[in-house]
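Quick note on numbering: the UniProt record's numbering labels position 20 of the sequence shown as 20, and the sequence is numbered without any gaps. By construction, the Cβ of each residue, glycine as well, lies at the ideal position given by its N, Cα and C atoms. Computed from a prediction, not measured in an experiment: that's the story for all the values here. All remarks here apply to the structure that follows.
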Amino acid sequence: MSSTSATLSTVQPASGTKTRTRAPGAWFDVVFGFLAQGAAWLTLALLASILISLLVGAWPAIHKYGLGFLTSPVWDPVQENFGGLVMIYGTLATSVIALLIAVPVSFGIALFLTEMCPAWLKRPLGTAIELLAAVPSIVYGMWGLLVFGPILATYVQQPLQKLLHGVPYLGALVSGPPVGIGILSAGIILAIMIIPFIASVMRDVFEVTPPMLKESAYGLGSTTWEVVYQVVLPYTKTGVVGGIMLGLGRALGETMAVTFVIGNMNQLDTLSLFDAANSITSALANEFAEAGAGLHQAALIYLGLVLFFITFVVLSFSKLLLVQLKKREGDKS
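Here it is as structure tokens:
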């Protein structure tokens with residue numbers, strides 16, 4: 001017995017020392033964590049580099065025009081006099097029009113698919129809506145210019161001009177030659193493009209509502225609208241807001257479709273919805289390749305910086321709104 005204990009004592013580690021063994025997958029976890037952290041830092045580095053490059057490229061225009069660039073409607077490459085008000089107005093106006101049209105339509109689509117659609121139609125209709133999101137934007141632009149634009153000019157603009165002729169303010173909103181291009185046309189095309197995105201998000205968040213809540217409401221005699229308004233929307237409002245902000249971001253950054261139908265004219269003589277205008281993305285697409293190094297190129301980069309800032313503000317506002325909604329839900333609970 002004594003010899004056995006002596007033998008065991010020789011293989012035991014010295015007092016106060018610990019043997020650490022690493023599991024076979026531990027090194028993989030370390031490497032994976034390092035790569036994941038590197039990817040996160042890379043994203044921040046890319047964002048910072050984009051912002052810095054925009055600031056450096058736009059600095060000549062920033063130095064010369066300052067914030068007055070945002071309020072000047074003049075865009076004259078020949079005289080090297082630049083202002084971004086026309087493009088900023090066109091970008092915001094088309095995006096707002098797109099949201100005003102797309103949000104109610106998307107809500108109706110999502111409501112129909114989740115609450116009223118027959119089972120045999122639900123899947124093919126949902127697939128068709130998702131396929132609309134895969135259509136290239138240039139196809140929407142060509143369709144808008146060649147098909148939708150003439151229809152809008154003939155059956156909407158001309159009757160409205162006859163109806164509102166001489167009416168203050170309202171008559172000015174529909175003035176302009178009936179050619180089917182302008183802010184309204186671009187806004188409607190944008191609405192058609194972002195409807196699949198907003199509708200898909202709304203449908204997905206509506207479907208996560210617990211069936212027990214809806215069945216309880218129906219059992220108490222609630223109508224479909226009452227169930228949606230008092231049960232589904234309060235439960236999913238954060239997701240709905242997120243879907244709307246996703247559509248707005250898509251509308252702000254769209255280029256080719258807007259370039260086809262907005263008219264690409266740097267003028268702000270009237271506020272007519274049917275007059276040709278311009279947007280930030282359209283101006284960049286049309287002029288950047290031909291702009292030489294100098295103030296013209298710097299002004300275009302300044303426009304890109306403004307678009308970057310607008311998008312950042314929209315995303316920040318959406319995040320703040322979501323936080324406030326969650327906070328209110330927590331206070332109520």
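Check, Outcome
"Neighbourhood of Gly-107 by C-beta, 7 Å cutoff - its chain only, sequence neighbours within 5 removed", "The question names Gly, but residue 107 in the sequence shown is Phe. Excluding positions up to five away in sequence, the list reads Met-202."
"Collapsed DSSP secondary structure at Asn-286 in the structure displayed", "helix"
"Limits of the unbroken alpha helix (DSSP H) element including Met-202", "183-207"
"Pair within 8 Å by beta-carbon distance, Leu-273 and Gly-182", "yes"
"Length at least 4, wholly inside the region 258-331: the alpha helix (DSSP H) runs in chain order", "280-287"
"N-terminal and C-terminal residue of the alpha helix (DSSP H) that Met-212 is part of", "211-219"
"Range covered by the alpha helix (DSSP H) that runs through Tyr-235", "233-253"
"Whole-angstrom distance between Val-261 and Ala-61, CA atom to CA atom", "28 Å"
"Buried or exposed (CB count within 10 angstroms, at least 16 for buried), Lys-214", "buried"
"Identity of the residues DSSP links to Phe-34 by a beta bridge", "BP columns for Phe-34 are empty, so no partner."
"Ala-45 versus Ile-301 - alpha carbon distance", "20 Å"
"Residues near Lys-327 by beta carbon distance below 7 Å, same chain, minus five either side", "none"
"Distance between Arg-250 and Thr-238 (C-alpha atoms, nearest Å)", "19 Å"
"Opposing strand residues paired with Phe-82 [DSSP bridges]", "Trp-75"
"Start and end residues, alpha helix (DSSP H) containing Tyr-140", "137-143"
"Whole-number beta carbon distance between Tyr-140 and Ile-97, since they are thought to touch under 8 Å", "Actually they are not in contact, since the Cβ atoms of Ile-97 and Tyr-140 sit about 15 Å apart, beyond 8 Å."
"Check whether Leu-268 and Pro-73 have beta carbons under 8 Å apart", "yes"
"Nearest candidate by alpha-carbon position, reference Leu-322, set Phe-148, Met-245 and Glu-115", "Met-245"
"Glu-226 to Ala-153 span [Cα, whole Å]", "39 Å"
"Thr-223 to Met-212 span [Cα, whole Å]", "16 Å"
"Top-ranked residue by Cα proximity to Gly-83, from Gly-66, Ala-289, Ser-316 and Ile-198", "Gly-66"
"Buried versus exposed call for Glu-207 [16 or more other C-beta atoms within 10 Å across all chains shown]", "exposed"
"Ala-48 in three-state terms, based on DSSP", "helix"
"For His-165, the three-state DSSP class (helix, strand or coil)", "coil"
"Other residues of its chain near Ile-195: CB distance less than 6 Å, five sequence neighbours each side excluded", "Ala-102, Val-105 and Ser-106"
"Range covered by the alpha helix (DSSP H) that runs through Thr-224", "224-227"
"Inter-residue Cα distance where the pair is Ser-9 and Phe-28", "Reliability of the predicted coordinates at Ser-9 is poor, the pLDDT of 43 falling under 50, and the value obtained from them is presented with this limitation in mind. If I take the Cα positions, the gap works out to 35 Å."
"Three-state secondary structure (DSSP) of Ala-134", "coil"
"Nearest candidate by alpha-carbon position, reference Ser-142, set Ser-185, Lys-162, Tyr-235 and Gly-166", "The identity of residue 142 in the sequence shown is Met, whereas the question assumes Ser. Answer by Cα proximity: Ser-185."
"Distance between Met-87 and Ala-277 (C-alpha atoms, nearest Å)", "8 Å"
"Run of the alpha helix (DSSP H) containing Gly-149, from where it starts to where it stops", "149-152"
"Tyr-89 versus Met-116, Phe-69, Leu-47 and Glu-287, residue with shortest Cα-Cα distance", "Phe-69"
"Ala-217 to Val-231 span [Cα, whole Å]", "8 Å"
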